[in-house]
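In this note's numbering, the protein residues as written are 5 to 338. Structure first, commentary second.
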Ligand code: TRP
């Protein structure tokens, strides 16, 4: 079986605007995986329903995110790109896994506690179930590797626990997946608070650069980025704000942090911030141009998503049939 390619699965919720941090820390690292693995990339629209959504906006964001994946280099001839709700097996397996996961362990999830605090008026069952649906996403495809940001490692741990518990109870069924985290760009920080991660749910607009910002907005946000006490441009623990900007510059320009330190030695923060803005624009602008073209070509986008859902469903169906059989459900008569 050694020559069989391993499977990679990952997903992003179509909620909020994808940030530069999401891109550099996650999506950008997904494209090279396509050559080595069987990859499935998913728009997790069902997960988004766990917080209040405006239906028309959710629909728009879902298609825009799918187009963004393509613009970032996800190649539908190599990978399956699909919308989670198009493959109904996700919700069905989640039900079975609900009978495996314990209330106590879901109640202890950091993200559940955070979101419960943030959305105190809407602590719905789906919010608590969120990690089980995520486990279902991953286990349906027997994924070996799951590229994720650091904030999702706890959810991957619980996915592994659920898989092992099921396998222990009903015999080997699921591949127990491993997280794939990337060092580079894994932790781009807020432009307004370099101790916090750049988050798409940050209410302060100036804290994030998003993949939807135009040139002027990018430049303005970088000019307003907070800096550290002294005026030197160097990387270091005592310089969290400038270190963050140097990391962004390095990831966007391809120049090493060391070389960048030399280049900007003795220059003012103003010049430096403009150079960071230029490097960010040079990365984001071509993606936006491509994304706009893809959104305009509705039949192409729909074709990609139709094919992706069909490919995904073939695998999902097999896993779900196996699971239904193992837990003792009577198969449908045909
Ligand atoms: N919860 C993930 C996030 O917010 C998105 C997600 C949903 C996901 N299902 C997944 C990520 C399965 C990896 C695998 O980033």
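We put the beta carbon where it would ideally sit given N, CA and C, even for glycine. Model, not experiment: these values are computed from the prediction.
Within 10 angstroms of the beta-carbon of residue 64 lie fewer than 16 other beta-carbons, which makes it exposed.
For residue 152, the distance from the CB to the nearest heavy atom of the ligand TRP is below 7 Å. The beta carbon of residue 264 sits closer than 7 Å to the beta carbons of 250, 253, 254 from its chain, once the five residues preceding and following it are set aside; these are given in chain order. At least one heavy atom of the ligand TRP lies closer than 7 Å to the C-beta of residue 138. If you draw a 10 Å sphere on the C-beta of residue 95, you find fewer than 16 other C-beta atoms in it, and that means exposed. Taken from the Cβ of residue 71, every heavy atom of the ligand TRP lies 7 Å or farther away. Per the DSSP secondary-structure output, residue 15 pairs in a beta bridge with 46. Between residue 182 and the set 206, 224, 191, 139, the nearest pair of CA atoms involves 139. By the Cβ test, the region 112-119 is in contact with the region 154-172, since at least three Cβ pairs between them sit closer than 8 Å.
When the five nearest sequence neighbours on each side are left out, the beta carbons in the same chain lying within less than 7 Å of the beta carbon of residue 142 are those of 13, 150, 163, 181, in order along the chain. Rounded to whole angstroms, the separation of the alpha carbons of residue 147 and residue 293 is 32 Å. Counting along the chain, no beta strand (DSSP E) covers residue 22, and no H or E run does either. Remark: C-beta atoms of residue 198 and residue 244 approach each other more closely than 8 Å.
The Cβ atoms of residue 215 and residue 288 lie closer than 8 Å to each other. According to the DSSP assignment, residue 150 belongs to the beta strand (DSSP E) that extends over 149-151.
In the structure shown, the three-state DSSP call for residue 306 is helix. For residue 167, the enclosing alpha helix (DSSP H) covers residues 157-174. Taking 4 residues as the shortest admissible run, the region 172-256 contains the following complete alpha helix (DSSP H) segments, listed from N- to C-terminal end: 219-227.
In this structure, residue 88 lies away from residue 53, with their beta-carbon atoms at least 8 Å apart.
The continuous beta strand (DSSP E) containing residue 84 extends over residues 84-87. Taking all protein chains shown into account, residue 333 has fewer than 16 neighbouring C-beta atoms within 10 Å of its C-beta and is therefore exposed. Of the residues assessed, residue 272 falls on the exposed side of the cut-off, its CB having fewer than 16 other CB atoms within 10 angstroms. Taking residue 97 as reference, the option from 247, 178, 121, 17 with the minimal CA-CA separation is 178. A contact between stretches requires three or more CB pairs, one per stretch, nearer than 8 Å, and the region 64-74 meets this requirement with the region 12-27. If you ignore the 5 residues before and after residue 308, its C-beta comes within less than 8 Å of the C-beta of 70, 74, 80, 85, all in its own chain and listed in chain order. For residue 278, the closest of 103, 319, 227, 48 by C-alpha to C-alpha distance is 227. A distance of 8 Å or more separates the beta carbons of residue 25 and residue 225. With fewer than 16 other CB atoms across the displayed protein chains lying within 10 angstroms of its CB, residue 218 is exposed. Sequence-distant Cβ neighbours of residue 317 in its own chain, meaning closer than 6 Å and more than five residues away, are 91. Classified as buried, residue 327 has 16 or more neighbouring CB atoms from the shown chains inside 10 Å of its CB.
Relative to the ligand TRP, residue 14 has its C-beta within less than 7 Å of a heavy atom. For the 8 Å CB-CB criterion, residue 320 and residue 145 form a contact.
A distance below 8 Å separates the beta carbons of residue 237 and residue 269. Secondary structure of residue 336 (DSSP, three-state): coil. Excluding five sequence positions before and after residue 305, the CB atoms of its chain that fall closer than 8 Å to its own CB belong to 67, 70, 71, 74, 298, 299, given in chain order.
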